[in-house]
Structures are given as structure tokens and as C-alpha cells.
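>
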Amino acid sequence: MKAAFIEQYGGPEVLRYGDLPDPVAGPGEVVIDVVAASVNGADWKVRVGQYKQSKFPFALGRDFSGVVSAVGEGVTDLKVGDTVFGVCEAGQEGAYAEKIAVKAAIVAKRPEGLPHVDAAALALTGLTALSAIEDTLKLKPGEKILIQGGAGGVAGFAIQLAKHIGAHVITTTSAANQAYVRGLGADEVIDYNAADFTKAVSGCDAVFDTVGGDVAQKSFAVLKPGGRAAFIASGAQAPKPDRGDVSALRPPVGRARRHLERIAELFEIGAVRAPEIKLYRLSEAADAHRVSEARHFRGKLVFKIR
Ligand SMILES: NC(=O)c1ccc[n+]([C@@H]2O[C@H](COP(=O)([O-])OP(=O)(O)OC[C@H]3O[C@@H](n4cnc5c(N)ncnc54)[C@H](OP(=O)(O)O)[C@@H]3O)[C@@H](O)[C@H]2O)c1
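Quick note: the sequence shown uses the working numbering, first residue 79, plus one each step.
#1: In the structure shown, what three-state DSSP assignment does Gly127 receive?
#2: Relative to ligand 1, is the shortest distance from any of its heavy atoms to the C-beta of Ser370 smaller than 7 Å?
#3: Buried or exposed for Leu357, please, with buried defined as at least 16 other CB atoms from any protein chain shown within 10 angstroms of its CB.
#4: If we call anything under 8 Å between Cβ atoms a contact, is Ser252 one with His367?
#5: In the segment 314 to 339, which residue ranges form an unbroken beta strand (DSSP E) of at least 3 residues, counting only runs that do not cross its ends?
#6: Using only the alpha-carbon positions, how far apart do Val165 and Pro90 sit?
#7: Inspect the CB distances between the segment 98 to 114 and the segment 179 to 188 and report whether three or more fall short of 8 Å.
#8: To the nearest angstrom, how far is the alpha carbon of Val126 from that of Ala137?
#9: Report the partner residues of Glu403 according to the DSSP bridge assignment.
#10: Please confirm whether Ile248 and Leu224 have their CB atoms less than 8 Å apart.
#11: I'd like the span of the alpha helix (DSSP H) that includes Tyr258, first residue to last.
#12: Determine, using beta-carbon pairs with one atom in the segment 234 to 244 and one in the segment 253 to 269, whether at least three such pairs fall under 8 Å.
#13: Please report how far the alpha carbon of Ala372 lies from the alpha carbon of Ile355, in whole angstroms.
#14: When you compare each of Gly291, Gly204 and Ala364 to Arg336 by their alpha carbons, which one comes out closest?
#15: Among Gly305, Ala254 and Pro330, which one has its Cα closest to the Cα of Pro319?
#16: Nearest to Arg188 by CA position, among Pro303, Asp323 and Ala114, is which residue?
#17: For Lys241, report the span of its alpha helix (DSSP H) as first-last.
#18: Is Ala82 close to ligand 1? I mean its beta-carbon at under 7 Å from any heavy atom of the ligand.
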């Protein structure tokens with residue numbers, strides 16, 4: 079099969095496009111013929127060696143949409159021809175490929191009206207936003223939330239989800255992406271180049287930070303006493319709050335079919351739609367990584383594989 083893979087850690091130039099052996103479905107697994115796979119921030123972190131893998135070469139990529147082409151022993155709830163989408167198990171890479179073998183239990187049926195490209199774009203971003211907003215922050219109707227990095231993939235889903243829950247949503251973005259985040263439903267938008275969000279925002283019940291670094295650390299300032307903040311771009315641990323009356327949380331982002339089914343349900347009831355998508359071919363993986371790593375694009379970058 080064709081794949082975009084690495085044989086060593088390094089810059090975008092280490093990405094190769096070529097042949098890797100076809101995967102086989104082990105017990106409890108299905109092989110999926112991948113139609114679309116998305117680029118996530120984790121992919122270039124894997125590429126540079128931040129998350130080590132045991133052997134080279136290996137294909138990158140953590141989420142996909144496609145068609146089941148083989149079923150392993152013991153799989154009874156999926157069959158060849160089912161159209162599915164999903165996120166690899168934690169620690170597994172390999173969606174930048176024509177085929178991938180994954181645990182059947184963490185794959186979900188793709189809703190008919192959701193194109194493969196959109197399903198791939200919503201998989202890890204949606205699962206992450208659900209883990210943060212619903213499971214970790216437990217956001218409630220009427221609460222005020224600041225979502226940092228509104229034009230990104232995870233935040234774009236989170237804005238729509240928070241609005242669906244009935245929260246008041248404030249988000250940060252550069253001037254070029256203000257109309258985009260308003261279109262996703264943000265009530266208030268702060269251009270982070272023109273205003274200091276710690277001065278423009280206060281009294282929040284919750285913060286969801288998808289930016290990391292200083293932005294993450296400074297986010298505690300906008301919380302009201304008892305407020306809670308969730309962080310996904312600060313590594314495995316949430317940053318330590320500089321005040322004692324708020325909580326800092328790290329969403330677990332566990333892989334589970336129920337989360338994917340929740341994404342499908344939210345799509346079907348019209349609560350979330352796919353982000354803006356820029357399409358790439360697998361042979362252009364290095365270009366896609368350069369754009370992703372620069373961290374100033376809108377929505378998602380997606381490989382259309384077949
Ligand atoms: N399992 C997990 O824990 C998990 C899962 C998914 C993602 N993540 C992490 O979450 C982070 C977000 O990922 P993503 O794919 O949604 O987006 P991303 O590609 O990392 O971020 C892109 C967006 O960030 C915005 N941005 C950059 N600097 C900003 C700033 N100072 N303030 C506000 N916005 C800013 C950019 O908008 P502008 O151009 O307008 O600046 C751009 O739209 C990444 O670090 C990723 O690795 C973790």
C-alpha cells in the first residue's frame with residue numbers, strides 16, 4: 079500500500095511517500111481502506127521525536143474515515159463494506175496510508191450524510207473537544223467559557239459544542255479568522271494581537287485552552303473563584319495554577335466508540351458541522367506538515383487518499 083511515513087525523526091523533509099506492507103486484521107481488529115485522514119498537531123510532534131515509536135519505518139496519522147475491507151477473529155459488530163470513521167488507539171499511528179488495521183471496538187459507523195473528508199476532520203478534534211467540554215469541564219447551560227485558539231480544529235468543534243450546550247462563548251483568534259469563528263457560533267471574539275485577553279475577559283466559569291505556552295498559563299486570570307480550566311496543548315499535565323481557588327484539568331481524550339457516535343449524533347442534529355478543510359494528497363504530506371506546524375491556518379488539513 080502507499081503511505082506517508084518516516085524512517086527517522088526530523089523536520090518535514092523526513093516524510094517519505096512510498097510503499098509499506100499491507101496491514102492484516104489481528105483478533106478484534108478490522109482493516110480499513112482509508113478514504114481520508116486528517117493532520118493533527120500530534121503528527122508533527124511524533125515526526126520530530128517528541129513521542130517515541132518502537133520501530134521504523136512507520137506511517138503517521140491518528141484519525142481516518144474509510145471502508146472496512148477485512149475483519150479479524152472475534153469481530154461481530156462490523157463487516158466488510160461498512161463505512162466507518164475513528165481515531166487510532168493511544169500510541170498507535172498509521173492513518174496516512176491506503177490501509178490501516180485498528181481495534182474494531184473503537185471504530186464507529188459513519189453517518190450517511192457526513193462525507194469521508196469531513197468525518198476524518200471531525201474524529202480526533204471532536205473526540206478531544208467532547209472529552210474536554212462534556213466529560214472534563216462538564217460545561218452547563220448559561221455558563222461563560224473562554225476557548226483559546228478558536229480557529230483551530232479542536233477549538234472549532236468546542237465552540238459549536240459549547241453553544242449547543244447553551245453556554246456563552248468567548249474565543250481568541252487573529253483578525254483574519256474573526257468572521258470564521260463567529261460563523262461557528264462564538265458570541266465574543268478577541269483578536270489576541272490587538273488586545274490582552276486577561277484584560278478583556280473576566281468572570282469565566284471555564285476555560286478550554288488549545289494554544290499552550292504562555293496563553294495556557296495566563297488563562298487562569300480570567301476565571302471566577304471556583305472556575306475550572308482544561309488544557310490540551312501543554313503536554314501530559316495541566317499547568318499549575320498561580321491561584322488556589324481554581325482547578326486545572328487535563329482531559330484524558332480516551333478512545334471510545336461512544337465518543338465517535340456522539341460526534342455523529344451532533345452532526346446529524348445539526349449541532350456541529352465540519353470545519354474549513356484544505357485538501358492534500360498523501361504525497362504532499364511534508365507540505366501539510368509545514369502548514370500545520372506554523373499553527374496559523376484555519377480548520378483542518380485533510381489527506382484525500384482514494
Ligand atoms: N489528545 C490530545 O491531548 C490532543 C488532541 C488533539 C489536539 N491536541 C493539541 O491541541 C492543540 C490544538 O490543536 P488543533 O489541531 O486544534 O489546532 P492547531 O493546529 O494546533 O492550532 C491552529 C490554530 O491556533 C490558532 N492560534 C495560534 N496561536 C494562537 C494564540 N496565541 N491565540 C489564539 N489562537 C492561536 C491559530 O489561529 P490564528 O491563525 O488566528 O492565530 C490556528 O487556527 C495542539 O497543540 C494539539 O497537539 C491534543
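Heads up, the beta-carbon is just placed ideally off N, CA and C, and yes, glycines get one too. Since the structure is predicted, the reported quantities are computational estimates derived from the model, not experimental observations.
In this structure, then:
#1: Of the three classes helix, strand and coil, the one that applies to Gly127 here is coil, per DSSP.
#2: Ser370: yes, Cβ under 7 Å from ligand 1.
#3: So Leu357 counts as exposed.
#4: Taking 8 Å as the Cβ cut-off, Ser252 and His367 do not qualify as a contacting pair.
#5: Fully enclosed beta strand (DSSP E) runs of no fewer than 3 residues occupy 325 to 327 of the segment 314 to 339, in order along the chain.
#6: One C-alpha to the other measures close to 23 Å.
#7: Yes: at least three Cβ pairs fall under 8 Å.
#8: Between the alpha carbons of Val126 and Ala137 lies a gap of roughly 13 Å.
#9: Lying outside 79 to 384, the shown extent of the chain, residue 403 is not represented and no answer is given.
#10: Yes. Within cutoff.
#11: Element bounds for Tyr258: Gln256 to Gly261.
#12: With the cut-off at 8 Å, the segment 234 to 244 and the segment 253 to 269 touch.
#13: Near 16 Å, if we compare the C-alpha coordinates of Ile355 and Ala372.
#14: That would be Gly204, whose Cα lies nearest to the Cα of Arg336.
#15: Ranking Gly305, Ala254 and Pro330 by Cα distance to Pro319 puts Gly305 first.
#16: Answer by Cα proximity: Ala114.
#17: Counting along the chain, the alpha helix (DSSP H) containing Lys241 begins and ends at Gly231 to Ile243.
#18: False, no ligand heavy atom lies under 7 Å from that Cβ.
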